[in-house]
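Engineer:
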Amino acid sequence: MIKYHPSEALLESHAAGELPASMSIAVAAHCELCSCCAEKLAHYEAKAADSAFNDDNAIDQESAQEDIFADMMASIINGESSPLTKVSASPSSEIEVAGDRYNLPTALRRYHHLGWSSIGSISRARLPLNEGDTRASLLHIGMNGSVPSHTHKGMEVTLLLSGHFEDEHDQYVPGDFIVLDSSNHHTPQTHDGCLCYTVADAPLHFTKGVSQLLNTVGRVIY
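Numbered according to full-length UniProt numbering, the sequence shown spans residues 1 to 222.
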């Protein structure tokens, strides 16, 4: 059972189209896995639509859309439309990581061709979102793998997509939306292997040992 969810504020901001792509993907993917939040999101989307279409500018916007549609129809009728283009196939819903196959939520399916970096049982593929210091990634931890004990220099959101993991605080299932910051310290580990989507604005800070290995792991994960 999913225990960790996005805040009401995040759901409302997502419905209004106010979130950066990295967070929008996280919320959309969670809602695909969580019927409770999907219902809340539908409510906020209806609220946002009602607000938009009851705005003072709604009549002008509707008139402009009607003009655009009329022009488009006139072009089609007069044979002025552009040639048909081939529609590409739908993105794959599956990825393979370290010999394991996983189904991706709809919001992540366009990113099924990513370059993976690996060290030990940890693999990371960064999404090309170009949001400055904020990094969005798919993170895979192999069977019986773990991430060394650490805290966070900034904020990190982890959405568990498949498999299970646990730490000193709880056990997590697919759909859990976990928000951590510098006040949190943990050592995630998994028995069956797991795939996560993560959004972080700073590297991890390892709290046991200062070896080059841990620094390398930190760069791989962030």
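Note that CB positions come from ideal geometry on N, CA and C, so glycine has one too.
Predicted, not measured: the structure shown is a model, and the values here were computed from it.
Would residue 198 pass as a contact of residue 137 if the rule is Cβ separation under 9 Å?
Structural biologist: It is a contact, given that the beta carbons lie within the stated cut-off.
Engineer: Decide yes or no for the touch test of the stretch 115–135 against the stretch 198–208: beta carbon pairs closer than 8 Å, at least 3 of them.
Structural biologist: As far as the Cβ criterion goes, the stretch 115–135 touches the stretch 198–208, which means the pair count is three or higher.
Engineer: Assess contact between the stretch 101–109 and the stretch 25–32, defined as three or more Cβ pairs (one per stretch) separated by less than 8 Å. Is contact present?
Structural biologist: Because the criterion of three Cβ pairs below 8 Å is met, the stretch 101–109 and the stretch 25–32 touch.
Engineer: How about the stretch 125–132 and the stretch 143–160: do they share at least three Cβ pairs that are nearer than 8 Å?
Structural biologist: No, they do not touch.
Engineer: For residue 103, which residues does DSSP report across the bridge?
Structural biologist: For residue 103, which the question treats as bridged, DSSP gives the partners 94.
Engineer: Let me know if residue 81 comes out buried or exposed under the rule of 16 or more other beta-carbons within 10 Å of its beta-carbon.
Structural biologist: Below a pLDDT of 50, predicted positions are generally treated as unreliable, and residue 81, at 45, falls in that range; the measurement from the model is reported next regardless. With fewer than 16 Cβ atoms within 10 Å of its Cβ, residue 81 is classed as exposed.
Engineer: Do residue 163 and residue 148 come within 9 Å of each other at the CB atom, strictly closer than that value?
Structural biologist: Not a contact, by the Cβ cut-off of 9 Å.
Engineer: Leaving aside the five residues before and after residue 12 along the sequence, list all residues of the same chain whose C-beta is less than 6 Å from its C-beta, in chain order.
Structural biologist: Excluding positions up to five away in sequence, the list reads 44.
Engineer: Tell me which same chain residues have a C-beta within less than 6 Å of the C-beta of residue 2, skipping the five on either side of it?
Structural biologist: Cβ neighbours of residue 2 beyond the five flanking positions: 34, 175 and 176.
Engineer: Can you tell me whether residue 194 is helix, strand or coil according to DSSP?
Structural biologist: In the structure shown, residue 194 sits in a strand (DSSP, three-state: E or B).
Engineer: Applying the 10 Å Cβ sphere with the 16-neighbour rule, what's the burial state of residue 20?
Structural biologist: It is exposed - the Cβ of residue 20 has fewer than 16 other Cβ atoms within 10 Å.
Engineer: Are the beta-carbon atoms belonging to residue 139 and residue 123 less than 9 Å from one another?
Structural biologist: Yes; because the gap between Cβ atoms is below 9 Å, this pair is in contact.
Engineer: Going by beta-carbon coordinates alone, are residue 156 and residue 180 separated by less than 9 Å?
Structural biologist: A contact, by the Cβ cut-off of 9 Å.
Engineer: In angstroms with no decimal places, state the Cα-to-Cα distance between residue 48 and residue 14.
Structural biologist: When rounded, the distance between both Cα atoms is 10 Å.
Engineer: For the candidate residues 190, 95 and 151, whose alpha-carbon lies nearest to that of residue 184?
Structural biologist: Taking only the C-alpha atoms, the option nearest residue 184 is 151.
Engineer: Just grab the DSSP bridge partners of residue 172 for me.
Structural biologist: For residue 172, which the question treats as bridged, DSSP gives the partners 165.
Engineer: Alpha carbon to alpha carbon, what distance is there between residue 187 and residue 154?
Structural biologist: Their Cα atoms are separated by approximately 17 Å.
Engineer: On the premise that residue 190 lies in contact with residue 165, defined as a C-beta separation below 8 Å, what is that separation, rounded to the nearest angstrom?
Structural biologist: About 4 Å; that satisfies the 8 Å criterion.
Engineer: Quick check on residue 95: buried or exposed, where buried means 16 or more other Cβ atoms within 10 Å of its Cβ?
Structural biologist: Buried, since its Cβ has 16 or more Cβ neighbours within 10 Å.
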